[in-house]
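Straight run, no breaks: the sequence shown in the numbering used here ends on number 254. Before any comments, here is the structure.
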Amino acid sequence: MVEANIQSNMHPKLPMQGVPQPGKEEVMHLPRVHISTHPVMRHKMTALRDKNTQPPEFYRLVKEIGALIAYEATATLALEKSSIETPMGPMVGERLAGGIGVTPILRAGLGLAEGFREVIPDVQVWHLGLRRDEHTLAAMEYYNQLPHKIELQVCYAVDPMLATGGSAIDAINVLKKRGIPRLSYVCIIAAPYGLLKLSQTHPDIDIYVAALDESLNDVGYILPGLGDAGDRQFGTF
Ligand code: PRP
Ligand code: URA
């Protein structure tokens, strides 16, 4: 018995070891979950995942994928009428109604937010720092620079990796306290486990995913995934 305890102290249980996980087919048709099927997205995802892709190229791809998914995630935004004059005469056009916010979850969300800015240059960027503890996988907030004046029609929380869902759930909790009328979450790769948790905890938000992967390994990394999205963007190996 004593020997068994010594053994287990020497090898503490890994955070996802033995935790049951849903399969892809159980989560891919959840309400308000949108998984990209675009061939250009799939093409870029392969280059992103490749272990030989170096940080400058990786960051460039994250931005490009961010722009593609921003295009998909903004397809239902509200418009308002706007009178203008073309060189040929007057017309009534349309503009986006109300402000658009993007909350990059630091630090890996920064590249994705840049992709959003390529599509909508006047988005407001609200930075939120969450770091997950590598032993417990719990997310801890360390930076919050959200403004108090809210005039947004929607805010997108963006982060490349939805693993256990802890960071995403906490980010949406923080944003909900700001009273924004509509919230969405955008990621590049989701694990079924985190996707189910996020969807169950926040069934009132839209979730946009570039690719749905197989599972989490024992230490909470996505398989086949792409490794550590922050380290690969910023070269901090
Ligand atoms: C990564 C990733 C997410 C989180 C996902 O960030 O960018 O924020 O882990 O994991 P979860 O779904 O299990 O919460 P990390 O905490 O490593 O910080 P970083 O962005 O600074 O690299
Ligand atoms: N965070 C990452 O950067 N990668 C994973 O696979 C999981 C969490």
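Just so it is clear, CB atoms sit at the ideal spot from N, CA and C, and this is done for glycine as well.
Between the ligand PRP and D235, a heavy atom-to-CB distance of less than 7 Å is absent. D187 sits buried, since 16 or more C-beta atoms from the chains shown fall within 10 Å of its C-beta. In this structure, the straight-line span from the alpha carbon of A156 to that of V36 is close to 18 Å. With a cutoff of 7 Å, A156 does not count as near the ligand URA, since its C-beta is closer than that to no heavy atom of the ligand. Around the beta carbon of V119, 16 or more other beta carbons lie within 10 angstroms, which makes this residue buried.
Per DSSP, the beta-bridge partners of Y173 are V119 and S201. Less than 8 Å separates the beta-carbon of G132 from that of E81. Here the alpha carbon of M108 sits roughly 47 Å from the alpha carbon of D230.
No Cβ-Cβ contact shorter than 8 Å links G247 with L215. In this structure, L47 lies away from D235, with their beta-carbon atoms at least 8 Å apart. Two segments are said to touch when three or more pairs of C-beta atoms, one from each, lie closer than 8 Å; by this definition the region 50-67 does not touch the region 98-114.
Within 7 Å of the C-beta of D230 there is not a single heavy atom belonging to the ligand PRP.
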